[in-house]
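Visitor: Next up is a structure, given as C-alpha cells.
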Amino acid sequence: MTNVGYIIAAYVITLGALALYGLHLWSRMRSVERQLTVLTADEGRHYGRQ
Amino acid sequence: MAGLRTVYILVTKDLLVELRNRETFTVMLFFAVVILFLFHFSLNPERENTTQLVPGLLWLAFVFTGVLGLGRSFQAEQANDCLEQLLLIPGDRGNIFLGKLVGNVAFMLAVELLILPLFALFFQLNLWDALLPLLLVAVLGTFGFAAIGTLFSALTANLRAREVLFPLLLFPLVVPVIIGSVTATGIILGGGTVGEASGWLKLLGAFDTIFLVVAYLTFEFVVEQ
Amino acid sequence: MIGRHLANGLGILALLAVLVGLYMAFFYAPADALMGDVQRIMYIHVPTAWVAFFAFFVVFVSSLVYLWKRLPEADRLAYASAEIGALFTGLTLIDGSIWGKPTWGIWWTWDARLTTTAILFVIYVGYLMLRSFIEEPDRRARLAALVGIVGFIDVPITYMSVLWFRTLHQPPSIQRGGSSMPDTMLFTLLLNVGAYTLVYLFFLVKRVRIESLNAIAETLVAEKAVHD
C-alpha cells in the first residue's frame, strides 16, 4: 500500500465509524420517540376511560 | 481508637476463619504451583534469557494467585449476610476496608513467601542474597495490588459475572504496580542495591498511598445498601 | 437540557467544522518535511485522542457529581460519555496503528501514549460491561461511578509509569509533532481538534437525550403495568 493509501484508510475508517455511530444514534432516537408516542397516546385513552 | 479496633477485629476474624479451614490459602497455593509448572513448560528450555523473564514470571504468578484470593475475600461475608452485620458497626466504613485489606495483604504475602522458594527451585535461582530487598518489593507491590483489589472485590461481589468482571476491571488499573514491581525485582535480582531500585520503590510507595486513600474514601459508596 | 433545534444546530456546525478541517488537513497544511504526506493522519489522530481522554474526564466529573448529588442526569451523562469515549479511543488506536506502519514500519509500539490509550480503552470497556451486568438503576449508577472515578485517577499514574519504564528500556526516539510546528500545521491541528470536539459534544447531547427518553418510557411502561 502506498503512503496515500494509509492516510485514506485512516480517514475513511474514522469518519465512516463516526458517521455510522451518528446513524445509530439517530435510529435509536426515532425508535424511542415512536415508543413514547405510542405510550402517551395510550395514557390519554386510559385517563379518558376514567 | 474505635477505628483501629474495628480493623483489628476484622483481621483477626478473617485470620481465624482461614486458619480453621485453610480453604482459600490451600487453593491459592496449589494454583501457584500449577502456574509455575505451566511457566516451565511454556518456555523453551534452551532459551537464553530466562533470567530476564524471571521478575515478570514471578509477578505474574503473584498476580494470578492474588486475583484468586482477592476475588473470594468478600464471598464468605455474602454467604451468611455477614456484610450487613459488619455495616452495623458504628464508625467509618473505611475501617472495614482497611480490615479487609490487611487480611488480604497478609494472605497474599503468606502465599508469596511459599511461592518464592518454589520459584527458586523450579528455575534454579539463588534468591537468598537478595531476600530482604525482594521482600520489600513484594510488600509494596502486594499492598498496592490488594488496595484496588479489595475495593473492586467488594464492588463486584454480588454481580453475576463477578469472575470475569473482577479481573477485567482490576488488571488495567494495576499496570503501574506491575511495572514498578517487576522492574524493581529485576534490578534487585540483577545484583542491584535497594538504592538503585529506589526510584521504582518510590513509584510503588506513591501508588500505594494514592490508592489506599482513594479506596478508603470510596469504600463506603461500594457497600452502601 | 439543550433544546432539540439547538442540538441539531450543533450537529450541523460540527459537520461543517469537520469538512473545513478535512480541507485544511489535505490542502492547506503543508506536507511534513520528514514524513511527507502520511503525517497528515495527525489531523485526525490527535483530535480523536484528545476526545478519548476528554470524554473520560467528563465521565470522571459526572461520576463525582452522581455520588455526591445522586442525580440521574449525571449518571446518564457519564454513561453517554463513556460510550462515545470508548468509540473515539478505539479509533485513536486504529489511527495510531495505521500511522505507525508507513512512518516507523511497525503496526504497534509500546510507547507511553499508545499504551496508555490501550489501557484507557480496556477501562472504558470494563465500565460499559459492568453497567451491562447490573439491572437496578441506582446500584448500576453508583458502582459505575466508582469505576469511573478510580479509573480516571489511575490513567495519569499509568502514563507516567509507562513513560518511566520506556526511558529505562528504550531511549525516546519517537517524537510526534513537537512544538516546532509551522503555524499552518498548528492552526490546522487546532481547528480539527475543535471540529471533533464538536462532534463529540453533538453525540453526547443526543445520547443523553436518548437515555432520558428511555427513562421516561420505562416509567410509563411501569405505570401502565400498574394500571392494567
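Residue numbers (this note's numbering), protein chains in the order written: chain A, 248 to 297; chain B, 666 to 890; chain C, 3 to 230.
Heads up, the beta-carbon is just placed ideally off N, CA and C, and yes, glycines get one too.
All values reported here derive from a predicted model rather than from experimental measurement.
In chain C, what lies closer than 9 Å to residue 887 of chain B by C-beta?
Guide: For the purposes of this step, residue 887 of chain B is taken as the residue at position 222 of the second sequence. Neighbours of residue 887 of chain B on chain C, chain order: 144, 145, 148.
Visitor: Whole angstroms is fine: what's the gap from residue 50 of chain C's alpha carbon to residue 22 of chain C's?
Guide: Along the third sequence, one-based indexing puts residue 50 of chain C at 48. Along the third sequence, one-based indexing puts residue 22 of chain C at 20. So the two alpha carbons sit approximately 16 Å from each other.
Visitor: Compute the Euclidean distance between the alpha carbons of residue 63 of chain C and residue 148 of chain C, then round it to the nearest angstrom.
Guide: What you label residue 63 of chain C is simply residue 61 of the third sequence in a count that begins at 1. What you label residue 148 of chain C is simply residue 146 of the third sequence in a count that begins at 1. Whole-angstrom Cα-Cα distance: 11 Å.
Visitor: Please confirm if residue 160 of chain C has its CB atom under 7 Å from at least one CB of chain B.
Guide: Within the third sequence, residue 160 of chain C is the residue found at index 158, counting from 1. True, the Cβ-Cβ gap to chain B drops below 7 Å.
Visitor: Grouping DSSP H, G and I as helix and E and B as strand, with all else coil, what is residue 140 of chain C?
Guide: Working through the third sequence from its first residue, we reach residue 140 of chain C at position 138. Correct three-state label for residue 140 of chain C: helix.
Visitor: Please list the partners that residue 872 of chain B has in chain C, where partner means a Cβ-to-Cβ separation under 7 Å.
Guide: Taking the second sequence and counting its residues from 1, one reaches residue 872 of chain B at position 207. In chain order: 159.
Visitor: Report yes if the C-beta distance between residue 779 of chain B and residue 868 of chain B is below 7 Å; otherwise report no.
Guide: As a working mapping, residue 779 of chain B is identified with position 114 in the second sequence. As a working mapping, residue 868 of chain B is identified with position 203 in the second sequence. No, these two residues do not count as a Cβ contact at 7 Å.
Visitor: Which partner residues of residue 38 of chain C appear in the DSSP bridge assignment?
Guide: Within the third sequence, numbered from 1, the residue matching residue 38 of chain C stands at position 36. Its beta-bridge partners are C:34.
Visitor: For residue 687 of chain B, does the count of other Cβ atoms within 10 angstroms reach 16, so buried, or fall short, so exposed?
Guide: On the second sequence, position 22 is the one that residue 687 of chain B refers to. Result: exposed.
Visitor: Closest to residue 806 of chain B by C-alpha separation, out of B:760, B:759, B:684, B:771, would be which residue?
Guide: Here residue 806 of chain B is taken as the residue at index 141 of the second sequence, counted from 1. Ranking B:760, B:759, B:684, B:771 by Cα distance to residue 806 of chain B puts B:771 first.
Visitor: Determine, for residue 263 of chain A, whether the minimum Cβ-Cβ distance to residues of chain C falls below 7 Å.
Guide: Against the first sequence, residue 263 of chain A aligns to sequence position 16. So no, residue 263 of chain A is outside the interface.
Visitor: Given this structure, state the Cα-to-Cα distance separating residue 885 of chain B from residue 104 of chain C, to the nearest angstrom.
Guide: Along the second sequence, read from residue 1 onward, the residue named residue 885 of chain B stands at position 220. Along the third sequence, read from residue 1 onward, the residue named residue 104 of chain C stands at position 102. Distance between the alpha carbons of residue 885 of chain B and residue 104 of chain C: 50 Å.
Visitor: Can you list the residues of chain C that residue 875 of chain B reaches, using a CB-CB cut of under 8 Å?
Guide: Stepping through the second sequence from its first residue, residue 875 of chain B is reached at position 210. Under the 8 Å cutoff, chain C gives 155, 159.
Visitor: Report yes or no: is there a C-beta of chain C within less than 7 Å of the C-beta of residue 281 of chain A?
Guide: Against the first sequence, residue 281 of chain A aligns to sequence position 34. Not one chain C Cβ lies under 7 Å of residue 281 of chain A.
Visitor: With the cut-off set at 7 Å, would you say residue 36 of chain C and residue 820 of chain B are in Cβ contact?
Guide: Mapped onto the third sequence, residue 36 of chain C falls at position 34. Mapped onto the second sequence, residue 820 of chain B falls at position 155. For residue 36 of chain C and residue 820 of chain B, no; Cβs fall outside 7 Å.
Visitor: Buried or exposed: where does residue 284 of chain A fall if 16 or more other Cβ atoms within 10 Å of its Cβ makes it buried?
Guide: Position 37 of the first sequence, counted from the start, is the residue given in the question as residue 284 of chain A. Exposed, since its Cβ has fewer than 16 Cβ neighbours within 10 Å.
Visitor: Is it buried or exposed, residue 106 of chain C, if we count other Cβ atoms within 10 angstroms and call 16 or more buried?
Guide: Working through the third sequence from its first residue, we reach residue 106 of chain C at position 104. Burial call: exposed.
Visitor: Within its chain, find whatever has a CB closer than 7 Å to the CB of residue 15 of chain C; leave out the 5 residues flanking it on each side and keep chain order.
Guide: As a working mapping, residue 15 of chain C is identified with position 13 in the third sequence. Here the set comprises 200.
Visitor: Could you pull the start and end residues of the alpha helix (DSSP H) that residue 70 of chain C belongs to?
Guide: As a working mapping, residue 70 of chain C is identified with position 68 in the third sequence. From DSSP, the alpha helix (DSSP H) with residue 70 of chain C extends over 44-71.
Visitor: For residue 226 of chain C, count the other beta carbons within 10 Å of its own beta carbon; 16 or more makes it buried, fewer makes it exposed. Which is it?
Guide: Numbered from 1 along the third sequence, position 224 holds the residue referred to as residue 226 of chain C. With fewer than 16 Cβ atoms within 10 Å of its Cβ, residue 226 of chain C is classed as exposed.
Visitor: Indicate whether at least one CB of chain A lies closer than 7 Å to the CB of residue 93 of chain C.
Guide: Counting from one through the third sequence, the residue named residue 93 of chain C turns up at place 91. So, interface residue.
Visitor: Could you tell me whether the segment 151-158 of chain C touches the segment 87-95 of chain C, where touching means 3 or more Cβ pairs closer than 8 Å?
Guide: Touching, no.
Visitor: For residue 873 of chain B, count neighbouring C-beta atoms within 10 Å of its own C-beta (all shown protein chains included) and say buried if the count is 16 or more, exposed if not.
Guide: The residue labelled residue 873 of chain B in the question sits at position 208 within the second sequence. Its Cβ being crowded by 16 or more others within 10 Å, residue 873 of chain B is buried.
Visitor: Contact between the segment 127-141 of chain C and the segment 824-833 of chain B: three or more CB pairs below 8 Å?
Guide: Because the criterion of three Cβ pairs below 8 Å is met, the segment 127-141 of chain C and the segment 824-833 of chain B touch.
Visitor: Is residue 106 of chain C helix, strand or coil by DSSP?
Guide: By 1-based counting over the third sequence, the position of residue 106 of chain C is 104. Helix.
Visitor: Compare the C-beta of residue 267 of chain A with all C-beta atoms of chain C and state if any pair is closer than 7 Å.
Guide: On the first sequence, residue 267 of chain A is found 20 positions in, with the first residue counted as 1. Chain C, which has no Cβ nearer than 7 Å to the Cβ of residue 267 of chain A, makes this no.
Visitor: Contact criterion: CB-CB distance below 7 Å. Does residue 883 of chain B meet it with respect to chain C?
Guide: Residue numbering aside, residue 883 of chain B sits at position 218 when the second sequence is read from its first letter. Yes, contact with chain C.
Visitor: Is it buried or exposed, residue 679 of chain B, if we count other Cβ atoms within 10 angstroms and call 16 or more buried?
Guide: The sequence position of residue 679 of chain B within the second sequence is 14, counting from 1. The residue is buried, with at least 16 neighbouring Cβ atoms inside 10 Å.
Visitor: So residue 709 of chain B is in the alpha helix (DSSP H); what residue range does that whole segment cover?
Guide: Indexing the second sequence from 1 puts residue 709 of chain B at position 44. Run containing residue 709 of chain B: none; DSSP gives neither H nor E here.
Visitor: Under 8 Å: do the segment 27-45 of chain C and the segment 793-807 of chain B share three or more Cβ pairs, one atom per stretch?
Guide: Because the criterion of three Cβ pairs below 8 Å is not met, the segment 27-45 of chain C and the segment 793-807 of chain B do not touch.
Visitor: The alpha helix (DSSP H) that contains residue 846 of chain B, what's its start and end?
Guide: By 1-based counting over the second sequence, the position of residue 846 of chain B is 181. 840-854 is the span of the alpha helix (DSSP H), which, as asked, contains residue 846 of chain B.
Visitor: Spell out a yes or no on whether the segment 37-48 of chain C and the segment 183-201 of chain C are touching, meaning 3 or more CB-CB pairs, one atom from each, closer than 8 Å.
Guide: Result yes; three or more Cβ-Cβ pairs closer than 8 Å.
Visitor: Helix, strand or coil: which one does DSSP assign to residue 780 of chain B?
Guide: Along the second sequence, read from residue 1 onward, the residue named residue 780 of chain B stands at position 115. The answer is helix: DSSP assigns residue 780 of chain B an H, G or I state.
Visitor: What residue from A:286, A:281, A:272, A:288 has the CA that sits closest to residue 1 of chain C's CA?
Guide: The question about residue 1 of chain C has no answer, for chain C in this structure spans 3 to 230.
Visitor: Hey, residue 83 of chain C and residue 61 of chain C: beta-carbon distance below 7 Å or not?
Guide: For the purposes of this step, residue 83 of chain C is identified with residue 81 of the third sequence, where counting begins at 1. For the purposes of this step, residue 61 of chain C is identified with residue 59 of the third sequence, where counting begins at 1. Yes, the pair counts as a contact, with Cβ atoms nearer than the cut-off.
Visitor: When DSSP labels each residue in this structure, what does residue 179 of chain C get in the three-state scheme?
Guide: Looking up residue 179 of chain C in the third sequence gives position 177. Reliability fails at residue 179 of chain C, whose pLDDT of 48 lies under 50, so the model's placement of it is uncertain and no value is given.
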